[in-house]
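Residue numbers for the sequence shown follow the numbering used here, beginning at 13 and rising by one. Here the structure is laid out as structure tokens; the discussion comes afterwards.
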Amino acid sequence: MSSEPQVVVTGASGFLAKYIIAEFLRRGHSVRGTLRSMGKADAVRSAVNRLGADPGRLSFAVADLTTDAGWDDAVAAASVVVHTASPFPISQPDDAEILISPARDGTLRVLRAATKASVARVVLTSSTVAIFYPSGRPKEHIYSEEDFTDETRPDLTAYFKSKTIAEKAAWDFTESTPGAPKMVAINPSFVQGPAVDSDLSTSHELYRVLAKGTYPAAPSIMFPVTDVRDVAVAHVEAAFRPGIGGQRYLVGEGQLTLFGLGRILARECPDLASKVPKFELPDFAVRLAATFDRKLQTVLPELGQKKAYSNAKVKTDLGLTLRGADEAATAAVRSLRDLRLI
Ligand code: NDP
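Listed below in structure tokens is the structure:
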């Protein structure tokens, strides 16, 4: 096997990236992960080891989404780049550009470097938030890869905007730039499944918030869910399958409410039962409270919404079998308990 990496995974320190890296390594590929600093390299090696992969063929390069430095070296000699890195904070900044700029400009930096290096394919980690918020869809609409969020909607959070704008910019670039890699976008819903270490994603931070008793009652919001193990397989399948360049894949199986997440937390950790939300707030109460509490404004577009969606394409094209929402959330809670983080 060549000593050069076949695959580059950006944002190697991320929750999802560790699973993607482990999946590539288990399948015999060499991987170069990008980090903002080498300080997290050992933690990533340990994490992929815990996931049953040998980190012997894992190397690292330093590159930050906010600057050009390092990206050419990071992607050199790769045949595939999987771009997962993007800011994903639990609370939203006042200035949306704080998230949009690294998401969009960082994605373009990765794509420019990949084009220079004649990389054949880029797999972009987008999100269902870049699908579920177009304008003017009827309530009964079944969302799918055909839908694109309208980033001009005034009710979008900064994170939703950042993911949508980054994905659209990536399609514009790959479709208009001669020699650009073929792109495949993976659009996961809320990613659950086991945390592998204490460097938690927003996916798991939410349980810590619930476990602290911060929310005695929950707004009635529902979101599609998926398991990190399935999302990782989707990325790896998308890396080499022929004939899927230009496709998007929505990855999700079932839905959970915030209240439902709390119920799972209480079921798995009975000592936390008194901390989780006791009931769902009526929508009118949330709307009223949001006039005083800006944090609540981010949930307003979700009130009373249950989004029907199709996950048929990822099953057909990429051969995935998806774990259900309850299984994914239960695995998340159990892992946090095992790690003594809740
Ligand atoms: P994490 O927060 O665990 O990972 C985010 C990664 O992006 C980290 O490696 C982080 O590096 C890196 N990153 C952030 N800002 C920069 C920057 N300026 N330069 C370089 N790297 C940066 O989140 P997840 O693993 O959950 O998310 C991974 C991807 O999946 C993201 O693109 C996210 O939008 C997407 N996604 C996640 C979902 C979820 O529910 N978790 C759902 C749908 C999509 P560092 O460790 O240095 O901070």
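Even for Gly, the Cβ is constructed at its ideal location relative to N, Cα and C. All figures in this text were calculated on a predicted structure; none of them were measured in a lab.
What whole-angstrom Cβ distance do residue i and residue j have, given they're in contact under 8 Å?
| i | j | result |
| --- | --- | --- |
| Pro228 | Leu270 | That pair is no contact at about 12 Å. |
| Ala97 | Leu77 | 6 Å |
| Leu277 | Tyr219 | 6 Å |
| Ser25 | Arg44 | That pair is no contact at about 14 Å. |
| Arg124 | Ala181 | No, Arg124 and Ala181 are not in contact; Cβ-Cβ is about 12 Å, not under 8 Å. |
| Ser201 | Phe235 | 7 Å |
| Leu273 | Phe185 | Wrong, their Cβ atoms sit about 36 Å apart, outside the cutoff. |
| Arg62 | Val208 | 6 Å |
| Leu351 | Ser138 | In fact, because the Cβ distance is near 28 Å, the residues do not count as touching under 8 Å. |
| Ala65 | Leu37 | 4 Å |
Where DSSP assigns a beta bridge to residue i, which residues make up the other side?
| i | result |
| --- | --- |
| Ala197 | Leu136 and Arg260 |
| Leu308 | DSSP, once it has assigned bridges, lists no residue as partnering Leu308. |
| Asp1 | Residue 1 is absent from the model: the chain starts at 13 and stops at 354. |
| Gln267 | Pro236 |
| Thr46 | Ala73 |
| Val92 | Val19 and Arg133 |
| Ala320 | Ile154 |
| Leu293 | Pro231 |
How should residue i be labelled, buried or exposed, when 16 other C-beta atoms within 10 angstroms of its C-beta is the threshold for buried?
| i | result |
| --- | --- |
| Pro294 | exposed |
| Lys173 | buried |
| Ile154 | exposed |
| Gln18 | buried |
| Pro190 | exposed |
| Glu109 | exposed |
| Asp242 | buried |
| Gly148 | exposed |
| Lys318 | exposed |
| Pro114 | buried |
| Arg39 | exposed |
| Glu187 | exposed |
| Leu28 | buried |
| Arg166 | In the sequence under discussion, the amino acid at residue 166 is Pro, which differs from the Arg named in the question. By the neighbour-count rule (16 or more Cβ atoms within 10 Å), Pro166 is not buried but exposed. |
| Lys30 | buried |
| Leu300 | exposed |
| Thr333 | exposed |
| Phe304 | exposed |
Who are the Cβ neighbours of residue i in its own chain at under 6 Å, not counting the five residues just before and after it?
| i | result |
| --- | --- |
| Glu163 | Lys173, Thr176 and Ile177 |
| Pro206 | Ala343 and Ser347 |
| Ala223 | Leu284, Lys287 and Ile354 |
| Gly118 | Leu77 |
| Asp159 | Ile143 and Pro146 |
| Met13 | The predicted position of Met13 is uncertain, since its pLDDT is 42 and thus under 50; a value taken from the coordinates is nonetheless stated next. For Met13, where only same-chain residues beyond five positions count, there are no Cβ hits under 6 Å. |
| His247 | Ile32, Val94, Val135 and Ile198 |
Might you give, ordered along the chain, the residues of its own chain that have their beta carbon closer than 8 Å to the beta carbon of residue i, omitting 5 neighbours on each side?
| i | result |
| --- | --- |
| Gln204 | Ser215, Val237, Thr238, Asp239, Val240, Ala337, Ala340, Ala341, Ala343 and Ala344 |
| Glu157 | Ile143, Asn199, Gln259, Arg260, Tyr261, Leu262 and Lys325 |
| Val221 | Ile102 and Tyr227 |
| Gly82 | Thr46, Ala73, Val74, Ala75 and Asp76 |
| Ala320 | Glu152, His153, Ile154 and Tyr155 |
| Val298 | Pro231, Ser232, Leu308, Val311, Leu312 and Leu315 |
Between residue i and the rest of its own chain, which residues show a CB-CB distance below 7 Å, the 5 nearest in sequence each way excluded?
| i | result |
| --- | --- |
| Ser49 | Val74 |
| Gly256 | Sequence check: residue 256 is Ile here, not Gly. Hits under 7 Å: Val196, Ala250 and Asp329. |
| Ala53 | Leu47 and Phe72 |
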